[in-house]
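A.B. asks: My structure is below; once you've seen it, I'll send some questions.
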Amino acid sequence: VQLQASGGGLVQAGGSLRLSCAASGSIFRINAMGWYRQAPGKERELVAAITSGGMTNYADSVKGRFTISRDNAQNPVYLQMNSLKPEDTAFYYCNARTWTLVDYWGKGTLVTVSS
25 VQLQASGGGL
35 VQAGGSLRLS
45 CAASGSIFRI
55 NAMGWYRQAP
65 GKERELVAAI
75 TSGGMTNYAD
85 SVKGRFTISR
95 DNAQNPVYLQ
105 MNSLKPEDTA
115 FYYCNARTWT
125 LVDYWGKGTL
135 VTVSS
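In short: position in the sequence shown from 1, add 24, done, that's the numbering used here.
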């Protein structure tokens with residue numbers, strides 16, 4: 025499974041960005057896809073995830089501001105980020121988890137929110 029992420033950038037506080045992640049390869053193996061982020065000096069954390077059945081899960085810090093969605097099945101997956109805050113600044117990583125709990129990662133895309 026290969027993951028290609030895009031959509032990061034610089035935005036002012038209160039602004040919006042949309043991240044996209046496209047999976048290729050053995051996508052039939054994927055059960056869930058999501059986004060994690062890692063800020064300097066901090067551990068990587070789950071931001072949002074969506075399963076093949078459409079169930080979603082969000083970090084408390086982004087509930088009501090971020091929305092994860094997909095076009096069909098698992099591909100592509102989008103993360104719409106609204107009302108961005110400086111504390112949302114981080115590298116964002118696309119993740120795909122297979123039915124056998126194997127994780128695949130895309131390259132990080134930087135989101136910078138200026139105050």
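Every residue, glycine too, gets a C-beta built ideally from N, C-alpha and C.
Return the Cβ separation of Gly32 and Arg42 in integer angstroms, given the expectation that the two are a contact with Cβ distance under 8 Å.
C.D. replies: Actually they do not touch by this definition, with Cβ atoms about 10 Å apart.
A.B. asks: Just to check my reading of the structure: Ala46 and Gln28 have Cβ atoms closer than 8 Å, yes? What is that Cβ distance to the nearest angstrom?
C.D. replies: Correct: roughly 5 Å between the Cβ atoms.
A.B. asks: By how many angstroms is the C-alpha of Gln104 removed from the C-alpha of Ile51?
C.D. replies: Answer to the nearest angstrom: the Cα atoms are 22 Å apart.
A.B. asks: Helix or strand or just coil, what does DSSP make of Arg42?
C.D. replies: DSSP places Arg42 in strand when its eight states are reduced to three.
A.B. asks: My output table needs one value for Arg94: the three-state DSSP class, helix, strand or coil.
C.D. replies: Looking at Arg94 - three-state DSSP - the assignment turns out to be strand.
A.B. asks: Looking at the structure shown, is Arg121 part of a helix, part of a strand, or coil, going by DSSP?
C.D. replies: Of the three classes helix, strand and coil, the one that applies to Arg121 here is strand, per DSSP.
A.B. asks: On a CA-only basis, which of Ile92, Arg61, Arg53 is nearest Glu111? Give me that one, please.
C.D. replies: Of the candidates Ile92, Arg61, Arg53, the one whose C-alpha sits nearest the C-alpha of Glu111 is Arg61.
A.B. asks: In angstroms, rounded to a whole number, what distance separates the CA positions of Gly130 and Gln26?
C.D. replies: Near 7 Å, if we compare the C-alpha coordinates of Gln26 and Gly130.
A.B. asks: Check this for me: beta carbons of Leu108 and Gly38, under 8 Å apart or not?
C.D. replies: Closer than 8 Å, so yes.
A.B. asks: Out of Glu69, Val35, Gln36, Ile74, state which residue places its alpha-carbon closest to the alpha-carbon of Asn99.
C.D. replies: The residue with the shortest Cα to Cα distance from Asn99 is Ile74.
A.B. asks: State the Cα-Cα distance for the pair Ser93 and Tyr116, rounded to the nearest angstrom.
C.D. replies: Taking the straight line joining both Cα atoms gives about 16 Å.
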